[in-house]
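Written below as structure tokens is the structure these notes are about.
Numbering (this note's numbering), first residue to last: 18 to 133.
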């Protein structure tokens, strides 16, 4: 799905995504790449950070990793906090995940038709 789903669909996607990898996660509390995952972790989701700049640092469900390939368990959702110009570099990494995530979620306003 490359369009914005209805609110009820969004709630269902979030509810069903218990494990979440945050691509572009951040440790600065004022940034959406921190407070959105923090909110989700607060509601019981297992949230894993994926960002080479913070690899090894503590995050919600364990130490941050540098790439999606370094995750040690499957995830239901990849939550993307990256500029659209960087999305294509992550497509092979996401497609190589086994099992693949059920959802890849770009932030509002982030569009890249080839990556979608």
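Glycine residues also receive a C-beta, built at the ideal position from the N, C-alpha and C atoms. Remember, it's a predicted structure, so these values are computed and weren't measured experimentally.
Could you tell me whether the Cβ atoms of residue i and residue j are closer together than 9 Å?
{"i": "residue 37", "j": "residue 92", "result": "yes"}
{"i": "residue 98", "j": "residue 49", "result": "yes"}
{"i": "residue 55", "j": "residue 46", "result": "yes"}
{"i": "residue 40", "j": "residue 96", "result": "yes"}
{"i": "residue 119", "j": "residue 21", "result": "no"}
{"i": "residue 90", "j": "residue 72", "result": "no"}
{"i": "residue 59", "j": "residue 35", "result": "no"}
How would you write the range of the beta strand (DSSP E) that residue i sits in, first residue to last?
{"i": "residue 105", "result": "Per DSSP, residue 105 belongs to no beta strand (DSSP E); it is in the alpha helix (DSSP H), 104–112."}
From what residue to what residue does the alpha helix (DSSP H) around residue i run?
{"i": "residue 32", "result": "24–33"}
So residue i and residue j are in contact, right, with Cβ under 8 Å, and what is the actual spacing, rounded?
{"i": "residue 76", "j": "residue 42", "result": "7 Å"}
ask   = When the Cβ atoms of the stretch 62–72 are set against those of the stretch 80–89, are three or more pairs found closer than 8 Å?
value = Of all C-beta pairs linking the stretch 62–72 to the stretch 80–89, three or more are shorter than 8 Å, placing the two stretches in contact.
task = Output the residue ranges of the beta strand (DSSP E) runs that lie fully inside the stretch 39–111 and measure 3 residues or longer, sorted by chain position.
result = Scanning the stretch 39–111 for uninterrupted beta strand (DSSP E) segments of 3 residues or longer gives 63–67, 94–97, listed from N- to C-terminal end.
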